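Number of protein chains: 2
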Amino acid sequence: MPERQMPEDASFVRFRRGNKCLGQLSDSIGATGLKNGDTISFHHHLRNGDAVLNTVVEMLAGAGLRDLHLAVTSLFPVHAPLVEHIRNGVITRISASFIAGPVGEAISRGVLTHPVTLRTHGGRGRAIDLGEMSIDVAFVAASAADDMGNLSGRTGRAPCGTLGYPMVDVNHARHVVAVTDTLVPFPVTPIDIAQDKVDFVAVTRSIGDAGGIASGATRPATDALSLGIAENTAAVIAASRLLEDGFAFQTGAGGISLATAAAVGREMGARGITGSFACGGITGFHVEMLEAGLFRALMDVQCFDLAAVASYSRNANHMAMSASTYAGPHVGGAVVDRLSAVVLGAAEVDVNFNVNVTTRAGGVLIGGSGGHGDAAQGAQLTLITTRLTAAGFPKIVQDVTTLTTPGASVDVIVTEAGLAVNPAREDLMDRLRKARLALVSIDDLAAMAADAATRAVPPRSTGPVVAVSEYRYGRIIDEIRQISEA
Amino acid sequence: MPERQMPEDASFVRFRRGNKCLGQLSDSIGATGLKNGDTISFHHHLRNGDAVLNTVVEMLAGAGLRDLHLAVTSLFPVHAPLVEHIRNGVITRISASFIAGPVGEAISRGVLTHPVTLRTHGGRGRAIDLGEMSIDVAFVAASAADDMGNLSGRTGRAPCGTLGYPMVDVNHARHVVAVTDTLVPFPVTPIDIAQDKVDFVAVTRSIGDAGGIASGATRPATDALSLGIAENTAAVIAASRLLEDGFAFQTGAGGISLATAAAVGREMGARGITGSFACGGITGFHVEMLEAGLFRALMDVQCFDLAAVASYSRNANHMAMSASTYAGPHVGGAVVDRLSAVVLGAAEVDVNFNVNVTTRAGGVLIGGSGGHGDAAQGAQLTLITTRLTAAGFPKIVQDVTTLTTPGASVDVIVTEAGLAVNPAREDLMDRLRKARLALVSIDDLAAMAADAATRAVPPRSTGPVVAVSEYRYGRIIDEIRQISEA
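Protein chains in written order, with the working numbering: chain A, 1 to 486; chain B, 1 to 486.
Now the structure itself:
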């Protein structure tokens with residue numbers, strides 16, 4: 001006979017009247033069993049306004065934890081306090097997609113025990129999804145949360161918009177700890193990450209300053225040189241035959257990129273074209289293009305300013321996507337693979353069209369791919385905008401100091417002195433010539449850059465390896481070495 | 001030296017300019033490697049309007065596949081053609097949460113080779129998430145899709161709203177095939193299931209008729225007997241001390257349930273109470289309560305009518321959730337665990353408060369738990385509404401024909417002849433007595449039902465087992481046996 005009275009299951013009763021709130025952030029150590037040597041992950045949607053990473057690492061350091069692997073999406077100047085924790089052996093390994101500011105400087109000087117692993121946004125998603133990088137505890141900064149772990153990036157005191165990066169982490173981390181300064185009654189609305197992915201909720205005084213999200217220009221450039229580059233870039237796109245209904249576009253958030261977007265938008269309007277989507281980091285300028293009907297949708301892995309956050313909160317056609325959906329090389333077709341054109345920047349470009357956005361002249365770590373390598377390979381037309389020189393150094397060089405994005409993914413380099421097309425794209429050269437665009441060779445651009453430069457690019461350092469640069473599939477394509485300067 | 005020119009990865013190029021569309025539905029066999037004995041999954045958001053399951057199984061049968069395991073959420077009368085495929089050995093195993101109509105009848109008569117496994121909605125999520133039930137190919141009916149596999153339940157010709165059930169399947173199935181009749185330009189908006197979870201897209205003539213979603217009453221009952229039960233149920237809730245700010249509520253979509261919700265809503269309005277959420281299958285009536293400010297949110301695993309579909313499309317506080325988030329016993333606290341009160345129905349209740357919603361008198365399979373057992377255990381107050389008799393049979397009996405929800409999860413039985421409180425809830429009895437609600441014993445209700453009945457409940461069949469009923473944690477708590485009637 002079957003049993004007629006079922007006792008309640010103990011593991012269920014535990015939560016029946018309970019919740020997931022920790023008494024304090026430090027309780028996350030005991031709750032998750034976090035121990036020396038473990039991997040902790042963070043995301044950077046609050047960018048230079050983020051307070052969560054510093055708060056958590058400070059807490060872990062105070063608890064005596066050591067030898068931690070920091071699996072972060074990006075580090076910014078605000079994360080300078082990490083340097084001390086690296087020096088003290090609290091953090092001995094870092095994986096990241098982008099590292100700017102004092103932490104990058106310190107790494108370049110050899111402070112970290114093990115070399116950093118730099119991955120693209122899509123490559124990081126791949127490494128996590130396929131189990132190459134396992135995460136013990138994912139700390140998710142949430143601008144609002146309820147006590148069962150539903151998380152929102154759209155409300156609270158420091159809303160950051162989409163949570164595209166931790167959407168990957170929470171699927172695989174052994175434990176997920178949400179960190180919020182705004183605990184709201186169940187359920188938080190609208191939910192960006194659902195409660196079944198979150199184990200614990202810790203309330204802190206402040207997760208940071210949403211004002212720090214927009215750390216660079218998120219308006220089109222207005223100076224003549226930038227506008228010239230932007231107009232040339234838009235002219236290439238206009239001549240490429242890609243500018244038709246369904247056009248899909250990614251730009252960075254820099255002034256030249258947005259000025260390019262503005263010029264492309266004007267051309268779309270003139271031709272009566274409706275694009276399909278704009279993607280990547282999204283700014284208020286992209287929102288204006290959506291609302292003007294130039295695109296049907298925005299696909300947003302990360303809001304780059306507060307106007308984008310507001311749009312994501314009110315417009316169902318402004319959609320979140322995970323880093324894997326955005327850029328993963330392992331998902332059978334990512335959003336970047338549907339890009340018609342992408343406009344990207346460069347610290348250096350070489351005569352083989354290779355791009356460096358990882359180190360500055362001299363080899364100091366100042367960035368990393370982010371989605372650069374992903375979008376460059378995915379798009380049908382990849383344009384790199386750059387000036388000939390920066391800080392006196394040439395930016396078009398014989399050999400990039402660090403390889404971030406292989407030249408095979410790069411179609412056109414646009415500078416104030418003209419544009420060069422990758423010789424592998426003869427079709428494109430023909431089309432641009434027919435549109436009467438003046439082309440120069442990449443070697444000519446390099447020569448002009450050398451002429452205009454007042455300083456020579458220092459040779460690659462031969463010091464110990466401080467970081468490796470992985471391509472999106474996981475192969476190491478370059479090394480960053482300790483700099484020897486005093 | 002690091003490599004400077006990266007060849008494009010072959011697996012990437014495959015999708016670079018491609019898409020996931022199959023030439024025809026039958027190409028899904030070759031694309032997924034589907035073979036005899038495999039497990040195929042389906043969801044029932046189109047309910048009795050679904051055409052996808054029949055279309056796919058017909059196609060698989062035509063291709064000569066046999067011995068398939070059908071892992072479906074629910075089966076309805078519209079799925080009658082399955083009987084022939086079962087008879088022919090195309091389908092030899094079925095797992096489901098609810099089976100109504102000719103398929104249930106046929107199973108009760110012994111047509112299926114192996115016994116059906118009946119799970120609750122949360123139990124099915126658990127079985128899939130924890131690897132107990134693996135899925136070879138999940139077929140996901142999508143009212144709109146793009147050619148990279150982004151799926152929407154909100155647009156197209158047969159919109160069904162949230163896709164809460166396949167949200168679980170797509171995380172674990174070896175392959176996911178989206179089936180749609182509305183292929184839209186990339187990207188579909190808004191996205192309910194993202195492209196990284198979908199391998200292939202097959203376009204069919206029709207996924208079904210959204211008009212079939214609302215197959216029962218989704219308006220409050222108006223007859224005196226039903227209203228009496230509803231008023232009594234609402235009175236219990238009002239007297240329970242649970243009706244305060246933050247009140248969380250689930251009802252079924254039947255007339256008595258909705259009449260109860262209406263009465264509870266009036267009381268909430270009178271007291272000036274704002275509830276937190278209503279959950280489960282959502283109807284237009286729940287939408288009205290949301291829009292009247294009686295609840296802050298709807299948490300919707302499945303839209304029960306087109307008004308709910310429309311609301312989900314326009315209101316960010318009307319939120320989708322997966323079956324695991326809704327009801328999983330394995331997620332560290334599901335949405336049902338936050339319910340203040342749930343109002344559920346019954347085919348039979350016994351004197352130990354056990355509930356049967358799986359078989360009708362005589363033992364024929366007519367349903368299954370759905371979320372019944374999940375919500376009953378999760379809620380602080382579980383009320384079962386039922387008439388004393390149906391079709392001449394008593395509904396309050398000594399021993400339920402089939403155990404679906406154990407009496408330990410059931411607090412109150414409300415009938416037209418009065419209400420009975422589970423003796424384990426002395427606290428509740430005291431409170432209801434203080435509120436001057438007349439209580440009767442469950443034995444008295446059973447006696448009244450026996451008096452009112454004109455037919456005796458047939459004894460349990462002793463035939464071969466045709467189905468097993470799993471409780472949400474996976475333990476088999478009852479068996480359904482082949483009926484012996486001619």
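The beta-carbon is built from N, C-alpha and C at its ideal position, and this holds for glycine as well. Keep in mind the model is a prediction, meaning the values are calculated, not measured.
| Item | Value |
| --- | --- |
| What's the C-alpha gap between ASN171 (chain B) and LEU130 (chain A)? | 13 Å |
| Return the residue from the list A:ILE107, A:LEU432 and A:GLY153 that minimises the CA-CA distance to PRO423 (chain A). | A:LEU432 |
| Taking 8 Å as the CB-CB cut-off, is SER276 (chain B) touching chain A? | yes |
| Find the residues of chain A that neighbour SER322 (chain B), judging by a C-beta separation of less than 9 Å, and give them in chain order. | ALA194 and ASP196 |
| Mind checking the region 330-357 of chain B against chain A and listing, in chain order, the residues whose C-beta falls within less than 7 Å of any C-beta there? | VAL331, GLY332, GLY333, ASP337, ARG338, ASN352 and ASN354 |
| List, in chain order, every chain A residue whose beta-carbon is nearer than 7 Å to that of PHE76 (chain B). | Chain A residues near PHE76 (chain B): none, gap ~27 Å exceeds 7 Å. |
| Quick one: does ARG296 (chain B) have its CB under 8 Å from some CB of chain A? | yes |
| So VAL140 (chain A) and ALA178 (chain A) are in contact, right, with Cβ under 8 Å, and what is the actual spacing, rounded? | 5 Å |
| Which residues, taken in chain order from the region 174-189 of chain A, show a beta carbon closer than 9 Å to some beta carbon of chain B? | PRO185, PHE186, PRO187, VAL188 and THR189 |
| From B:ASN317, B:LEU381, B:PHE200 and B:VAL364, pick the residue whose C-alpha is nearest to that of ASN19 (chain B); which is it? | B:PHE200 |
| Determine the contact status of PRO115 (chain B) and VAL466 (chain B), defining contact as a CB-CB distance below 8 Å. | yes |
| Closest to ALA270 (chain A) by C-alpha separation, out of A:GLU132, A:VAL56 and A:ALA262, would be which residue? | A:ALA262 |
| For ILE128 (chain A), I'd like the list of residues in its chain whose CB is within less than 6 Å of its CB, leaving aside the five on either flank, ordered along the chain. | VAL168 and HIS172 |
| Which full runs of the beta strand (DSSP E) of 3+ residues lie inside the region 376-432 of chain A, going along the chain? | 381-385, 412-415 and 418-421 |
| Go through its chain and collect everything with a Cβ distance to THR233 (chain B)'s Cβ below 7 Å, but skip five positions before and after it. | THR260, VAL343, LEU383, THR385 and VAL414 |
| Between which two residues does the beta strand (DSSP E) carrying SER276 (chain B) extend? | 275-282 |
| Taking MET299 (chain B) as the query, report the chain A residues whose CB atoms sit under 9 Å from its CB, ordered along the chain. | PRO187 and ILE191 |
| Compare the beta carbon distance of THR117 (chain B) and GLU470 (chain B) with 8 Å and say whether it is the shorter of the two. | yes |
| Any idea if LEU163 (chain B) is buried or exposed, counting beta-carbon neighbours within 10 angstroms, 16 or more meaning buried? | buried |
| Per DSSP, which one or two residues make a beta bridge with HIS69 (chain B)? | B:THR39 and B:ARG93 |
| Classify LEU242 (chain A) as helix, strand or coil using the three-state DSSP reduction. | coil |
| Answer yes or no: do THR120 (chain B) and ALA96 (chain B) have a C-beta to C-beta separation smaller than 8 Å? | no |
| For ASP147 (chain B) and ASP181 (chain B), I'd like the C-alpha separation in whole angstroms. | 12 Å |
| Is PRO329 (chain B) near GLY122 (chain B), with beta carbons less than 8 Å apart? | yes |
| Distance, Cα to Cα, VAL41 (chain A) vs LEU388 (chain A)? | Correcting the residue type first, residue 41 (chain A) is Ser in the shown sequence and not Val. Whole-angstrom Cα-Cα distance: 38 Å. |
| Is there contact between the region 28-36 of chain A and the region 57-68 of chain A, where contact requires at least three CB pairs shorter than 8 Å? | yes |
| Can you tell me which of B:MET133, B:GLY110, B:PRO102 and B:PRO190 puts its alpha carbon nearest to the alpha carbon of ALA144 (chain B)? | B:PRO190 |
| In angstroms, rounded to a whole number, what distance separates the CA positions of ASP411 (chain A) and ALA379 (chain A)? | 10 Å |
| Could you give the C-beta distance for ASN317 (chain A) and ARG296 (chain A), rounded to a whole number, given that I count them as a contact under 8 Å? | 7 Å |
| Chain A partners of MET148 (chain B), CB-CB under 9 Å? | GLY332, GLY333, ALA334, VAL335, ASP337 and ARG338 |
| Name the chain B residues whose beta carbon is nearer than 8 Å to that of LYS395 (chain A)? | Ordered by position in chain B, no residue passes the 8 Å Cβ test against LYS395 (chain A), which lies about 18 Å from the chain. |
| Does the structure place the region 297-310 of chain B close enough to the region 273-284 of chain B that three or more beta carbon pairs sit under 8 Å? | yes |
| Taking 8 Å as the CB-CB limit, is ASP305 (chain B) close to chain A? | no |
| Taking the C-alpha atoms as reference points, what is the distance between LEU46 (chain A) and SER152 (chain A)? | 13 Å |
| Mark LYS434 (chain B) as exposed unless 16 or more other C-beta atoms lie within 10 angstroms of its C-beta, in which case mark it buried. | exposed |
| Spatial neighbours of ARG455 (chain A) within its chain, please: C-beta separation below 8 Å, excluding the five flanking residues on both sides. | ALA361, ALA391, GLY392 and PHE393 |
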